[in-house]
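*Asks:* Please read through the structure below; I'll follow up with questions.
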């Protein structure tokens, strides 16, 4: 058993696709962009926001991309994201199980820490999440190892004692870059086959499979 379990957020602990897609839909309509099919939006979940916005809009101008990100937050995400973000059915029980076994659970995500914290409070997970590193805490987002390394320093975590759990190849590469073990979960849009070429200790269909690693 590991002493620390570090989770990605979107598509790993929660399904936020409805909230994310809704906010993008409204932004694109209000700012004069063509509608984007939902699967294309879902495929950007987990990317750094700058990269996702550039990909979905086709914008090349960095100032405009940053403006769109700001509008996305203040017009839409601040109002609609948390209410349209839903915890996976086995997430809370898995976190509780790991905590009761003496492990600590953390989140490292390309989402903002403040938005993650809102969901943690809404879903009554405060007792099971011991620390969060969001995109505002780092200079370079995943797959940079900066977030995980910051978490390890802040909470005195030994890298070989922790496991990173995520749903995307970005998460898998983050674990490689950070020098820590990785377990994939296929609750997002990335198929199990995509993880074959990345080091991993397990490819799971559901988070509760973590309890079998003890």
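Numbering (the numbering used here), first residue to last: -19 to 194.
Beta carbons are placed, not taken as given, at the ideal position from N, Cα and C, and that holds for glycine.
If you're wondering where the values come from, they're calculated on a predicted model, not measured in any experiment.
DSSP on residue 81, reduced to helix/strand/coil?
*Replies:* Taking the first residue of the chain shown as 1, we reach residue 81 at position 101. Residue 81 falls in the coil class under three-state DSSP.
*Asks:* Name the DSSP bridge partner or partners of residue 142?
*Replies:* By 1-based counting over the chain shown, the position of residue 142 is 162. Bridge partners of residue 142: -16.
*Asks:* Could you give the uninterrupted runs of the alpha helix (DSSP H) lying entirely in the stretch 6 to 51, keeping only those of 4 residues or more?
*Replies:* Fully enclosed alpha helix (DSSP H) runs of 4 or longer: 18 to 22, 29 to 37 and 42 to 51.
*Asks:* Quick one: is residue -5 buried, meaning 16 or more other Cβ sit within 10 Å of its Cβ, or exposed?
*Replies:* As a first step, residue -5 must be located in the chain shown, where it is residue number 15. Residue -5 comes out buried.
*Asks:* Are the CB atoms of residue 158 and residue 122 within a distance shorter than 7 Å?
*Replies:* By one-based count along the chain shown, residue 122 stands at place 142. By one-based count along the chain shown, residue 158 stands at place 178. No, Cβ-Cβ distance for residue 122 and residue 158 is not below 7 Å.
*Asks:* Determine the contact status of residue 24 and residue 40, defining contact as a CB-CB distance below 7 Å.
*Replies:* Reading the chain shown from its first residue, position 44 is the one you call residue 24. Reading the chain shown from its first residue, position 60 is the one you call residue 40. Not closer than 7 Å, so no.
*Asks:* Here's the rule: buried if 16 or more other CB atoms are within 10 angstroms of the residue's CB, otherwise exposed. What is residue 195?
*Replies:* Outside the shown range of the chain (-19 to 194) lies residue 195, about which nothing can therefore be said.
*Asks:* Per DSSP, which residues does residue 135 bridge with? Please list them.
*Replies:* Residue mapping note: residue 135 aligns to position 155 of the chain shown, counting from 1. Note: residue 135 sits in no beta bridge, so no partner.
*Asks:* Kindly list the residues whose CB is nearer than 8 Å to the CB of residue 124, restricted to its own chain and excluding five residues on each side of it in sequence; keep chain order.
*Replies:* Along the chain shown, one-based indexing puts residue 124 at 144. Only 118, 154 and 157 meet the Cβ criterion.
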